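Asks: In my numbering, the protein residues as written are 43 to 169.
Here's a structure for you.
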């Protein structure tokens with residue numbers, strides 16, 4: 043869920059950075075700029091998907107679910123949502139979001155920055 047939001051955001055941020063810097067070519071952004079775009083995309087996507095990850099983890103951590111209980115997965119999800127909301131309100135859905143966002147931001151910087159660095163090195167070999 044998180045990466046399905048991170049990669050489109052990353053591409054949008056690269057386009058915005060390219061337009062802002064008047065580069066015009068998204069594929070030739072400086073590696074550092076692309077890495078910062080990856081970092082921002084990781085931070086935002088992790089923050090927005092934390093509630094989904096929280097509920098998924100809580101459902102998965104329940105004692106082993108029988109096949110009968112698996113068919114009631116929708117009910118289990120709603121039950122966990124209600125449990126979190128009753129305990130902590132909306133704030134409860136974002137428990138750990140800061141740490142998760144920091145981790146994904148760092149990961150986006152390193153992973154997507156390394157990707158762009160490798161891509162630029164391979165392009166220079168081709169030329």
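Ideal Cβ placement from N, Cα and C applies to all residues, glycine included.
The structure presented is a predicted model; accordingly, all values stated were derived computationally and were not measured.
Taking the Cβ atom as the reference point for each residue, do residue 80 and residue 158 lie within a distance shorter than 9 Å?
Replies: Locating residue 80 in the chain shown gives position 38, counting from the first residue. Locating residue 158 in the chain shown gives position 116, counting from the first residue. Yes; because the gap between Cβ atoms is below 9 Å, this pair is in contact.
Asks: Tell me where the alpha helix (DSSP H) around residue 98 begins and ends.
Replies: By one-based count along the chain shown, residue 98 stands at place 56. Counting along the chain, the alpha helix (DSSP H) containing residue 98 begins and ends at 73-102.
Asks: If we count the other Cβ atoms within 10 Å of its Cβ and call it buried at 16 or more, is residue 144 buried or exposed?
Replies: As a first step, residue 144 must be located in the chain shown, where it is residue number 102. By the 10 Å Cβ count, residue 144 comes out exposed.
Asks: Given that a residue counts as buried once 16 or more other Cβ atoms are within 10 Å of its Cβ, and exposed if not, what is residue 164?
Replies: Locating residue 164 in the chain shown gives position 122, where the first residue counts as 1. So residue 164 counts as exposed.
Asks: Under a three-way DSSP split, which group does residue 43 fall into?
Replies: The sequence position of residue 43 within the chain shown is 1, counting from 1. It is coil, neither helix nor strand.
Asks: Taking the Cβ atom as the reference point for each residue, do residue 179 and residue 55 lie within a distance shorter than 9 Å?
Replies: In the structure as shown, the chain starts at 43 and stops at 169, and residue 179 therefore has no counterpart that could be examined.
Asks: From residue 77 to residue 59, what does the alpha carbon distance come to, in whole angstroms?
Replies: The residue you call residue 77 lines up with position 35 of the chain shown. The residue you call residue 59 lines up with position 17 of the chain shown. Distance between the alpha carbons of residue 77 and residue 59 is about 11 Å.
Asks: Please report how far the alpha carbon of residue 89 lies from the alpha carbon of residue 114, in whole angstroms.
Replies: Position 47 of the chain shown holds residue 89. Position 72 of the chain shown holds residue 114. Taking the straight line from one Cα to the other gives about 28 Å.
Asks: Report the three-state DSSP secondary structure of residue 63 (helix, strand or coil).
Replies: On the chain shown, position 21 is the one that residue 63 refers to. Coil at residue 63, not helix or strand.
Asks: Please classify residue 96: is it buried, with 16 or more other beta-carbons within 10 angstroms of its beta-carbon, or exposed?
Replies: By 1-based counting over the chain shown, the position of residue 96 is 54. Answer is buried; the Cβ neighbour count reaches 16.
Asks: I need the straight-line Cα distance from residue 161 to residue 52, nearest angstrom please.
Replies: Taking the first residue of the chain shown as 1, we reach residue 161 at position 119. Taking the first residue of the chain shown as 1, we reach residue 52 at position 10. Approximately 15 Å, taken between the alpha carbons.
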